[in-house]
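Peer 1: Supplied in structure tokens, the structure appears directly below.
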Amino acid sequence: AEVIIVADAAAAGALVADEIVRLIRSRPDTVLGLATGSTPLPVYEALRPRLAGVDVSRVRGFALDEYVGIDPAHPESYRAVIGREVVEPLRLDPDRIRTPDGSLDGIEHAGDDYEAAITAAGGVDLQILGIGTDGHIGFNEPGSSFASLTRVKTLTAQTRQDNARFFDAIDDVPMHCITQGLGTILRARHLVLLAFGAGKAEALAGALEGPVSAALPGSAIQLHPHVTVVADEAAAAELA
Ligand code: F6R
Numbered sequence: 002a003e004v005i006i007v008a009d010a011a012a013a014g015a016l017v018a019d020e021i022v023r024l025i026r027s028r029p030d031t032v033l034g035l036a037t038g039s040t041p042l043p044v045y046e047a048l049r050p051r052l053a054g055v056d057v058s059r060v061r062g063f064a065l066d067e068y069v070g071i072d073p074a075h076p077e078s079y080r081a082v083i084g085r086e087v088v089e090p091l092r093l094d095p096d097r098i099r100t101p102d103g104s105l106d107g108i109e110h111a112g113d114d115y116e117a118a119i120t121a122a123g124g125v126d127l128q129i130l131g132i133g134t135d136g137h138i139g140f141n142e143p144g145s146s147f148a149s150l151t152r153v154k155t156l157t158a159q160t161r162q163d164n165a166r167f168f169d170a171i172d173d174v175p176m177h178c179i180t181q182g183l184g185t186i187l188r189a190r191h192l193v194l195l196a197f198g199a200g201k202a203e204a205l206a207g208a209l210e211g212p213v214s215a216a217l218p219g220s221a222i223q224l225h226p227h228v229t230v231v232a233d234e235a236a237a238a239e240l241a
């Protein structure tokens with residue numbers, strides 16, 4: 002992987018946003034892989050002014066994951082988060098931006114449907130990734146198969162605790178999610194993994210330099226030929 006250490010999250014956002022703008026200018030129907038959580042927000046913020054004069058009408062996007070059983074209108078559903086943080090401010094076409102369907106009816110085929118939609122779009126050109134403190138990418142928690150595709154998973158207690166800040170109480174954090182698999186993520190043509198803060202240092206070092214192991218799902222990126230890691234000093238502190 003190419004590792005770029007930046008002064009702060011804003012600098013990372015600017016760098017990744019510049020790359021995304023280049024991509025969209027050269028290919029107006031670029032397919033973006035969108036992450037939620039705190040990490041990618043500086044990218045979305047930096048994209049806003051940069052995309053002002055760019056035709057984004059054909060840009061497509063696929064979110065990494067969604068909670069299962071959450072009302073899509075709930076402000077913390079990833080459908081709502083992607084709408085608020087990405088689709089609306091960047092003026093993307095909402096019909097071209099998808100999140101996995103976490104509704105309970107149809108959950109058995111939601112994963113297959115999502116895979117089919119990604120394939121039909123020609124695959125993801127650039128996948129934005131964050132990493133969990135336990136090393137997850139997407140919601141592929143430790144033990145996830147490197148060949149896994151979009152499917153329902155149970156969130157770990159650690160991840161529910163990490164995400165409780167978005168909800169009124171930890172008990173409101175859903176128990177299950179539907180997430181792109183590690184196999185899905187590895188098919189994207191370019192992976193851009195962002196990590197900020199000391200809390201991510203151990204997971205980032207394990208992902209980049211530790212053994213390739215299902216115990217640390219982020220280590221799957223070592224199998225991918227085109228990975229860019231953008232981290233601040235604190236997140237990069239444990240790298241050799
Ligand atoms: C989000 C996702 C997760 C997050 C990870 C880090 O779509 O798939 O893997 O990237 O949990 O979360 P933050 O960025 O909030 O620290």
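In UniProt numbering, each number is its position in the sequence shown, counted from 1, plus 1.
Each residue gets a CB set at the ideal place from its N, CA and C atoms; glycine is no exception.
Since the structure is predicted, the reported quantities are computational estimates derived from the model, not experimental observations.
Taking the runs of the beta strand (DSSP E) that are 3 residues or longer, which of them lie wholly in the stretch 131 to 158?
Peer 2: 152 to 155, all fully within the stretch 131 to 158.
Peer 1: If you drop the 5 nearest sequence neighbours on each side, which residues of the same chain put their C-beta closer than 7 Å to that of residue 9?
Peer 2: So the qualifying residues of the chain are 233.
Peer 1: Quick check: what's the CA-CA separation for residue 114 versus residue 152?
Peer 2: Spanning the two alpha carbons is a distance of roughly 10 Å.
Peer 1: Between the stretch 180 to 199 and the stretch 111 to 125, do three or more beta carbon pairs fall short of 8 Å?
Peer 2: Contact between the stretch 180 to 199 and the stretch 111 to 125 is present, because at least three Cβ pairs lie under 8 Å.
Peer 1: Could you tell me the boundaries of the beta strand (DSSP E) in which residue 233 lies?
Peer 2: Element bounds for residue 233: 228 to 233.
Peer 1: Please report the straight-line C-alpha distance between residue 3 and residue 222, rounded to a whole angstrom.
Peer 2: Distance between the alpha carbons of residue 3 and residue 222 is about 11 Å.
Peer 1: Classify residue 128 as helix, strand or coil using the three-state DSSP reduction.
Peer 2: Correct three-state label for residue 128: strand.
Peer 1: At a cut-off of 6 Å, would you count residue 31 as near the ligand F6R, judging by its Cβ distance to the nearest heavy atom?
Peer 2: No, the beta carbon of residue 31 sits no closer than 6 Å to any heavy atom of the ligand F6R.
Peer 1: Quick one: using the 10 Å Cβ neighbour count with 16 as the cut-off for buried, is residue 30 buried or exposed?
Peer 2: Answer is exposed; the Cβ neighbour count stays below 16.
Peer 1: Which of the three DSSP states, helix, strand or coil, is assigned to residue 190?
Peer 2: Residue state, collapsed to three classes: coil.
Peer 1: Only counting runs of 4 or more residues, tell me where the alpha helix (DSSP H) segments fall wholly within the stretch 31 to 107, in order along the chain.
Peer 2: The stretch 31 to 107 contains these whole alpha helix (DSSP H) runs: 42 to 51, 79 to 83.
Peer 1: Leaving out five residues on either side along the sequence, give the residues of the same chain with a beta carbon under 6 Å from the beta carbon of residue 40.
Peer 2: Within the same chain, residue 40 has close Cβ partners 131, 195.
Peer 1: Near residue 5, which residues of its chain fall below 6 Å by C-beta distance, leaving aside the five closest residues on each side in sequence?
Peer 2: The residues are 231.
Peer 1: Would you say the beta carbon of residue 145 comes nearer than 6 Å to a heavy atom of the ligand F6R?
Peer 2: False, no ligand heavy atom lies under 6 Å from that Cβ.
Peer 1: Please look up how many angstroms separate the CB atoms of residue 181 and residue 65, rounded, as I've assumed it's under 8 Å.
Peer 2: Yes, they are in contact, since the Cβ atoms of residue 181 and residue 65 sit about 5 Å apart, within 8 Å.
Peer 1: Roughly how far, in whole angstroms, is the beta-carbon of residue 82 from the beta-carbon of residue 120, given that I think they are within contact range, below 8 Å?
Peer 2: That belief does not hold up - the Cβ atoms of residue 82 and residue 120 are roughly 25 Å apart, past 8 Å.
Peer 1: Give the straight-line distance between the Cα atoms of residue 241 and residue 156, rounded to the nearest whole angstrom.
Peer 2: Roughly 30 Å between the two C-alpha positions.
Peer 1: Any heavy atom of the ligand F6R closer than 6 Å to the beta-carbon of residue 36?
Peer 2: Yes, the beta carbon of residue 36 sits closer than 6 Å to at least one heavy atom of the ligand F6R.
Peer 1: What is the DSSP secondary structure of residue 239, counted as helix, strand or coil?
Peer 2: In the structure shown, residue 239 sits in coil (DSSP, three-state: anything other than H, G, I, E or B).
Peer 1: Check residue 4 in the structure and name its three-state DSSP category.
Peer 2: Here residue 4 sits in strand by DSSP.
Peer 1: Which residue wins for smallest C-alpha separation from residue 101, given the options 16, 78, 183?
Peer 2: Nearest C-alpha to residue 101: 78.
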